[in-house]
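Okay, structure first, notes after.
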Amino acid sequence: METSRKPDFCEPSGPQQEIPESAFADIRERLLIESVKSAFGIRQHGGVRKPCDEAWEWILSENREMPFSFATCCREWGVDPETMVEWLRYYRKKMLG
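If you read the sequence shown in the working numbering, its first letter stands for residue 9, the second for the next number, and so on.
Pasting the structure below:
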């Protein structure tokens, strides 16, 4: 009988690479788009799945100042996080009923 086991994780063998600050805007944009899609149950190529509660929790998180928080990702693109949450709540209620 085969049992599954967790993979062994080890420390990186070489020097860790830092993410350049110039890449943060792109990462924030992708994180924002994909998390909102996931919260509404939209797959990457337009399919449908169960909405992801974890993505919705990230959107509603009170943590506003972390480098990759929902609020920080919104502000990076000139969007007011509170307004965005209001719109997302409206559409979520309308879609999920």
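No residue lacks a Cβ here, since even glycine has one placed at the ideal position from N, Cα and C.
For I27, the secondary structure class from DSSP, reduced to helix, strand or coil, is coil.
When C-alpha distances from K58 are compared across E29, P28, E94 and K45, the shortest belongs to K45. Separation of A63 and R97 (C-alpha to C-alpha, rounded to the nearest whole angstrom) is 13 Å. With fewer than 16 other Cβ atoms inside 10 Å of its own Cβ, R38 counts as exposed.
The shortest C-alpha to C-alpha distance from P75 to any of G105, H53, E26 and F32 is the one to F32. Excluding five sequence positions before and after A47, the CB atoms of its chain that fall closer than 7 Å to its own CB belong to P59, C60, A63, W64 and I67, given in chain order. The beta-bridge partner set that DSSP reports for I50 consists of V56.
DSSP, reduced to helix, strand and coil, places F76 outside both helices and strands of the structure shown, so it counts as coil.
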